[in-house]
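For the sequence shown, the positions run 1 to 202 when this note's numbering is used. The structure under discussion appears below in the form of structure tokens.
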Amino acid sequence: MNGFQLQLIGVVFTALAFLAATIAATCAYSIFKVVTADGDGGKEAPVQALKAPEETASEVTGVIPPVRVEPPFAAPTVGNVTLKEWLIHRTQRDNVWNEFVEDFYAKAASNYRVRPYFIGKPMNEIKRKFLATLLIVTDKGVDERAAKTLVERHAHLGITGEAYDSTMGALEETLEQYQVPENTIAQMVPLINYFGEHMVTK
Ligand code: HEM
């Protein structure tokens, strides 16, 4: 082997070594990219999820109906009958709602937080108006105008959150006393929450 041949072999080896180094570096870089992309992927996923579709799970699946928190509120029902009709049928008493109102006011007024609001007020007139309202709420529901009027009629009273909750507690107890099913009482929760938000002024 002469000097030229030896030089040629040296050049070929150097070129091969360079090629091998380049391949190794490229591979190492690719592996590094995959690993870091995986790590970042974990962090970015929630951001993508937040930006994702505007529909809620219930709209997609249709399983949980959206809860209405503004009027109109539909009348509560038992099966396919309105609560008003259901109670009259169950008890076979046309004036059962008058009795209901008497029981409700007795319970509400027995509470020290609620009683003061009614001192010196024309109770028979209030009961009569409350009965009329209750018969509409439990048979036709509450539209926007009726809800607004009811809120306005209570604006001057300075009702506190505690007084409101106690009054609604008395209402719930009375509904239970008349064996109104749990599920029907639950249908009234959005309406009770709505009035709570707007009637409580103190
Ligand atoms: C969803 C809940 C309620 C309904 C549907 C309701 C219904 C009524 C109705 C129909 C009237 C007669 C309004 C009129 O004069 O035209 C009335 C008056 C009255 N309500 Fe309520 N009420 C509710 C909650 C409350 C609460 C929480 C309180 C007090 C703690 C309260 C205290 C009174 C008082 C004191 C009056 C007489 C107002 C006056 O004449 O100055 N009500 N309510």
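Glycine is no exception: its CB is placed at the ideal position from the N, C-alpha and C atoms. Quick caveat, the model's predicted, so the values are computed rather than measured.
Check                                                                                                                                                               : Outcome
By Cβ distance, which residues of its chain are closer than 7 angstroms to L171, with the 5 residues on each side in sequence left out?                             : F104
Rounded to whole angstroms, what's the CA-CA distance from V81 to G120? Just pull it up for me.                                                                     : 38 angstroms
Which whole runs of the alpha helix (DSSP H) in the stretch 79-147 are 4 residues long or more, in chain order?                                                     : 83-91, 96-109, 115-118 and 123-137
Short of 7 angstroms in beta carbon distance, which residues of its chain neighbour V101, apart from the five on each side in sequence? Order them along the chain. : K127, F130, L131 and L134
Using a Cβ-Cβ cutoff of less than 6 angstroms, which residues in the same chain neighbour R68 once the five nearest sequence positions on both sides are dropped?   : P190
Mind checking whether the beta-carbon of I159 lies closer than 6 angstroms to any heavy atom of the ligand HEM?                                                     : yes
Taking 6 angstroms as the cut-off, is the CB of A163 close to at least one heavy atom of the ligand HEM?                                                            : yes
Just the C-alpha distance for D40 and H156, rounded to the nearest angstrom, thanks.                                                                                : At D40 the pLDDT is 41, less than 50, meaning the model places this residue with poor confidence; the figure from the coordinates comes in the next sentence. About 58 angstroms.
Given the structure, does Y117 come close to the ligand HEM, in the sense that its CB is under 6 angstroms from one of the ligand's heavy atoms?                    : yes
Pull up the DSSP beta-bridge partners for F73, would you.                                                                                                           : V142
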